[in-house]
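Sequential numbering of the sequence shown, starting at 1, is according to the UniProt record's numbering. Glycine included, each C-beta is placed from N, C-alpha and C at the ideal position. From a predicted model like this one, the values you see are computed outputs, not experimental measurements. What follows is a set of notes on a single structure, which appears directly below.
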Amino acid sequence: MNKFVKKYTVVAILWIVAVIAAILFLPNINNLEAQKGQTKIPSDMQSQVAENMQKHWGHHISNTRQVVLVYHNDKKINASDQAKINHQLHQLTKKSDYYGIKGVTSVQNTPVAKKQLISKDKTTELVQLNISKQDSVETINNKLQKGARINGLQSYVTGSDILNNDMRVSMVDGIKKTEIIATVFILIVLIIVFRSPIVPLISILTVGVSFITSLSLVMNLVKYFNFPLSNFTQVFMVVVLFGIGTDYNILLYDQFKDDLADGMDKVAATMHARKLAGKTILDSGISVLIGFAALGLANFSIYRSGVAVAIGVILLLLVLLTLNPFFMLTLGGKMFWPVKRLETQKQRSRLWGFLSSKAVQFSVPAILLVLVVVLPLVVMGHGKLNYDDAVELNNKIPSKQGLNIVQKHFSKGTAEPATIYIKANHSLNNEKSLMTIDRITRQLAKRNDVKTVASVTEPSGQPIKQLYLNDQLKTLTGKMSQANSGLSKIQAGAANQSFNGSQLKAIGESAQSIGQHLQNIQSTAGGSNMTAGQQVVALIQQKATAMGSPLNQAQLQVVTGALQQAGAQAQAKQSGMSNDLNGIASDTQNIGNNTQSMANQLQALQGQLAAANEGLGKISQGSAAANDYLSALQSSAVSNDTFYIPNQVLQSKEFKQALNNYLSENQKITKLTVVLKDNPSSSQAMKSINNIQSQVKQNIGGTSLNGSTVAISGQTATMSDTHEIATKDFLRTAIIMLIGILLALMFVTKSILQPLYIEGTLLLAYLSSLTITKLISTVILGQKMLTWNTPFFAFIMIIALGVDYSIFLMRKYQTIDPEAEPAERIVEASKFIGVVVLSAALILGGTFAALIPSGVLTLIQVAIAVVVGLLILIIILPILLSAAINLTYGDQRNSERKRRIK
């Protein structure tokens, strides 16, 4: 056995061992992509700073995912539907450990948020859940889809994490379709090109070996060394390795076939093809390697994950240049079975020969014609980019359906609100800090691009009137008006009162006089009882004498005794009356004395009352003036915007719920939930978020929150950070990549100008392809914008892979008779290599076209851009390079000839 056969047989065995090991040690790719494949933004960007605050929020919702349950009834959510929703939520919270539920915001437990959770047309209701990150997003989604479903209502589970996970799953499904379609397509094209079933199988086998070993290596690096990974890593490894791997195989097999046709034996043909075509393959592979390796210098995780393709390219080159020789040495001409006469298969490209010859013949017009056609496409550009990741998903996916319903019945920003976090170095549970927070809330709510703002002072998204001076002053001025009215009545009553002291004195004197008279009567009545009895006896004796019958002594004694007895009785009665009169007289005199004293006091009091009345007037005037000022203050703009929370309200149970919802557990972090009017992933929304962050930072300056950290989380903030870092990384990575490829081309072509021509041609193809891709996307796909990462991935693919064809051409150019004219050499090289390039471009374009059935918009647009770019490239490459070489070296060669003649 030939030593070369033995050598490559051992190599083949080693590759078999490598493939077996790669399969055995291949990690679970789905789990890795779910855990480590999400877009990673640098920790100093605002969305990541905000996410870090959320992790330390406390209240049992730290480090959680936000998931939205969507319930919809085309007619209206009635009382029966609401009862079903409440019941279902109760069942979910009963099994909170199973579902990982740490917090629930619903109409039932948060009535103040009713306007934010129920659409205006009453057809849609939202429930916001905080879910622990202990389970994967896919597991959470599957559990909630079953547990939250309600019969009679459309039920959906959505949210940014759910949507991103569904996009990853869609990507995985798309990769499976791509692998099958690409494999079948490559087999068909290779069978057509080589007219043999064996060559295509060998090509697929060798490329497959490189793919499975590189994929296993990359995934193990991800698992154990945190190698960068994204949802796009695997799919681009598939299309790049199968695309360029097949191209390189075509170049190698075509050279091997030509060598066999020229009469070489299989060993010599293998060695010669490996040396000649292998050099071109290495040059091309190194250029591609440089392009993808440059991505390792990017900061953005998605871009940096492209380094995996560079690892794949290294292994691809090793496999193609070590495993292919085994089959070539073993099979020889049988590789091309059933073809027997290999020399009859030598072909030349008529298209490239025609384009090259005409470009040489009419160099300047040819260049101008290309520029006239291409430059308008370049100038038109691709326009604005779409940063809405949701467009990547098919509308049949439940999470996307839920998002569409929310955007239809609420504002587009309701499904993905932005959360502003403000972190201070002191407690915010005080009137001064809350006043600042409220002022920020009110100022943000006045923005034209903001629909609602909810905060600790406005938990429902609407101001609480009782916490503003306007309402408080209204109550105060009402009570002061009542007080003023009372003062006026008192003042009027006091002013109408007059006390006549002389009359009181006269009454006192009269009472004293009455008392004196009563005493006199009493003393008089007491001494006249005896005299009255004697006078009666004398009068009786007189009357009896006149009648002629005077009383004798005995009769007088009897009458005198009777009168004395009656007098004694009257004397007793008189004595009691005298005592009574004496008491009355004494009391009357006391009344008189007291009345006079009162008269004197009332005269003094009347003077004091006059002074008091004058004071009441002044108080009334001052109170009226204060009330007028407070009324004016109430009607002013100041009172409408001035927040003041009394201490009893601050400590109340009612306000505690707002504190728990919008202040962290240590009360040093607050959050404001902002719903934008625009689509949260639109460029306008991203601009709004950046302006809002700047505004909040300015608003806290000079307040108790001065120096606080301000950061915003949510879909819009994340995409804003993505836009910023992607734009910077794109420019920086593109420059590094172009410089690296330029140096590689200088080494290959041993020229300075030729690499510039080549890169200029590649850039024209790339820029014009984006414009055409946008037009196709608008007309056929119904998407007016390219996704935000389409330009970057299209650039990498067209530049890194397109440079292969220029190297193929220039390598062939270098092998043609150096003594021939440069124009003749480039035309001949174009004729020869054109077949290989057209076949390679067809296979590479077809491989990328296999991405279209994936259903993922970015992959579809990248596929269209690469196919269009390759199509443009294979047309303008022979024209521009041939014309440029003729203009550059033709005159130089003629000058050298003239010097030699002289």
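Q) How many angstroms separate the CA atom of T761 from the CA atom of P338? A) For the purposes of this step, residue 761 is taken as residue 761 along the sequence shown, with counting starting at 1. For the purposes of this step, residue 338 is taken as residue 338 along the sequence shown, with counting starting at 1. Cα to Cα, the separation comes out at about 40 Å.
**Q.** Simplified DSSP assignment, three categories, for residue 986
**A.** Here the chain has residues from 1 to 902 only, and residue 986 is not among them.
**Q.** Limits of the beta strand (DSSP E) - the one that A454 falls within
**A.** Your numbering for residue 454 matches position 454 in the sequence shown. Start and end: V450 to A454.
(Q) For E125, list the residues DSSP reports as bridge partners. (A) Against the sequence shown, residue 125 aligns to sequence position 125. In the DSSP output, where bridge partners are listed per residue, E125 has Y71 and I118.
Q. Who does A711 pair with in a DSSP beta bridge?
A. Numbered from its first residue, the sequence shown carries residue 711 at position 711. According to DSSP, A711 bridges with Y421.
Q.
Suppose you measure from the CA of V222 to the CA of E416; what does that come to, to the nearest Å?
A. For this step, residue 222 is matched to residue 222 along the sequence shown. For this step, residue 416 is matched to residue 416 along the sequence shown. Taking C-alpha positions only, V222 is separated from E416 by approximately 31 Å.
Q: With A154 as the anchor, note down where its alpha helix (DSSP H) starts and where it stops.
A: Taking the sequence shown and counting its residues from 1, one reaches residue 154 at position 154. Sequence inspection shows Gln at residue 154; the Ala mentioned does not correspond to that position. Membership of Q154 in any alpha helix (DSSP H) is not indicated; the residue belongs instead to the beta strand (DSSP E) covering Q154 to T158.
Q.
Given this structure, state the Cα-to-Cα distance separating A711 from L297, to the nearest angstrom.
A. Locating residue 711 in the sequence shown gives position 711, counting from the first residue. Locating residue 297 in the sequence shown gives position 297, counting from the first residue. Each residue's alpha carbon lies about 27 Å from the other.
Q) Among residues of its own chain, excluding the 5 on either side of S528, which ones have a beta-carbon nearer than 6 Å to its beta-carbon? A) Your numbering for residue 528 matches position 528 in the sequence shown. In this prediction, S528 has a pLDDT of 47, which is less than 50 and means its spatial position is unreliable; what the coordinates show is noted afterwards. Same-chain partners within the cutoff: there are none.
Q: Any chance you could list the beta strand (DSSP E) runs of at least 3 consecutive residues sitting entirely within the region 251-336, in chain order?
A: As far as the region 251-336 is concerned, it has no whole beta strand (DSSP E) run of at least 3 residues.
Q: Specify the secondary structure class of Q695 as computed by DSSP and reduced to three states.
A: Counted from its first residue, the sequence shown places residue 695 at position 695. Correct three-state label for Q695: helix.
Q: Check whether the region 132-147 touches the region 92-101, counting contact only when three or more Cβ pairs, one atom from each stretch, lie closer than 8 Å.
A: Judged by Cβ distances under 8 Å, the region 132-147 makes contact with the region 92-101, as three or more pairs qualify.
Q) In the structure shown, what three-state DSSP assignment does residue 907 receive? A) Nothing in the structure corresponds to residue 907, since the chain is present only between 1 and 902.
Q. Where do the N-terminal and C-terminal ends of the alpha helix (DSSP H) with residue 908 fall, by residue?
A. With the chain covering only 1 through 902, there is no way to say anything about residue 908.
**Q.** Buried or exposed by the 16-neighbour rule on C-beta atoms within 10 Å, applied to N226
**A.** Mapped onto the sequence shown, residue 226 falls at position 226. By the 10 Å Cβ count, N226 comes out exposed.
Q | Cβ-based neighbour list, A424, same chain, cut-off 6 Å, excluding 5 preceding and 5 following | A | To locate residue 424, count along the sequence shown from 1; it is residue 424. Only K668, L705 and S708 meet the Cβ criterion.
**Q.** Identified DSSP bridge partners for I131
**A.** Sequence index remark: in the sequence shown, residue 131 carries index 131 (1-based). Answer by DSSP bridge pairing, in chain order: R65 and I101.
Q) When you compare only the Cα positions, how much space is there between F655 and N86? A) One-based indexing of the sequence shown puts residue 655 at position 655. One-based indexing of the sequence shown puts residue 86 at position 86. Those two C-alpha atoms are separated by around 24 Å.
**Q.** Opposing strand residues paired with T787 [DSSP bridges]
**A.** In the sequence shown, the residue the question calls residue 787 occupies position 787. Beta-bridge analysis with DSSP links T787 to N386.
Q | Inter-stretch contact (C-beta, 8 Å, three-pair minimum) for the region 201-211 and the region 248-256 | A | Output reads yes: the region 248-256 touches the region 201-211.
Q | C-beta contact flag for M219 and I29 at 8 Å | A | Mapped onto the sequence shown, residue 219 falls at position 219. Mapped onto the sequence shown, residue 29 falls at position 29. A contact, by the Cβ cut-off of 8 Å.
Q. Since V309 contacts V240 with CB under 8 Å, what's their CB separation in whole angstroms?
A. Locating residue 309 in the sequence shown gives position 309, where the first residue counts as 1. Locating residue 240 in the sequence shown gives position 240, where the first residue counts as 1. So it is a contact: roughly 5 Å between Cβ atoms.
Q: Please classify L871: does DSSP put it in a helix, a strand, or coil?
A: The residue given as residue 871 occupies position 871 in the sequence shown. The answer is helix: DSSP assigns L871 an H, G or I state.
Q) What is the DSSP secondary structure of K687, counted as helix, strand or coil? A) Walking along the sequence shown from the start, residue 687 turns up at place 687. K687 falls in the helix class under three-state DSSP.
**Q.** Rounded C-alpha distance that separates L764 from T773
**A.** Taking the sequence shown and counting its residues from 1, the one referred to as residue 764 is at position 764. Taking the sequence shown and counting its residues from 1, the one referred to as residue 773 is at position 773. C-alpha separation (whole angstroms): 14 Å.
**Q.** Interface flag, L385 vs chain B, CB-CB below 8 Å
**A.** You won't find chain B in this structure, because it holds only one protein chain.
Q) In angstroms, rounded to a whole number, what distance separates the CA positions of I833 and S136? A) As a working note, residue 833 is residue 833 in the sequence shown. As a working note, residue 136 is residue 136 in the sequence shown. Rounded to whole angstroms, I833 to S136 spans 51 Å at the Cα level.
Q | Cβ pair L69, L126 closer than 8 Å | A | One-based indexing of the sequence shown puts residue 69 at position 69. One-based indexing of the sequence shown puts residue 126 at position 126. L69 is a Cβ neighbour of L126, given a cutoff of 8 Å.
Q: Closer than 7 Å by C-beta to A744: which residues in its own chain qualify, once you throw out the five before and the five after it? Chain order, please.
A: Here residue 744 refers to the residue found at position 744 of the sequence shown. Once the five neighbours on either side are set aside, the close Cβ partners of A744 are I286, S287 and I290.
**Q.** Residue from K687, L731 and D262 whose Cα sits closest to the Cα of A717
**A.** Stepping through the sequence shown from its first residue, residue 717 is reached at position 717. For A717, the nearest C-alpha among the options comes from K687.
Q: Check whether the region 111-125 touches the region 164-177, taking contact to mean three or more Cβ pairs, one atom from each stretch, closer than 8 Å.
A: No: fewer than three Cβ pairs fall under 8 Å.
Q: With DSSP collapsed to three states, give me the class of K668.
A: Here residue 668 corresponds to residue number 668 of the sequence shown, with the count starting at 1. Shown here, K668 sits in coil according to DSSP, grouped into three states, outside any helix or strand.
**Q.** Contact check, K102 vs S411, beta carbons under 8 Å
**A.** Residue numbering aside, residue 102 sits at position 102 when the sequence shown is read from its first letter. Residue numbering aside, residue 411 sits at position 411 when the sequence shown is read from its first letter. Here K102 is not near S411, since their CB atoms are 8 Å or more apart.
Q) In this structure, does DSSP put V856 in helix, strand or coil? A) One-based indexing of the sequence shown puts residue 856 at position 856. Three-state result, V856: coil.
(Q) Determine whether the beta carbon atoms of G461 and V453 lie at a separation below 8 Å. (A) Residue 461 sits at position 461 when you count from the first residue of the sequence shown. Residue 453 sits at position 453 when you count from the first residue of the sequence shown. In terms of Cβ geometry, G461 and V453 form a close pair [threshold 8 Å].
Q) Excluding the five sequence neighbours on either side, which residues of its own chain have a C-beta within less than 7 Å of the C-beta of M264, listed in chain order? A) Translated into positions along the sequence shown, residue 264 becomes position 264. H272, listed in sequence order.
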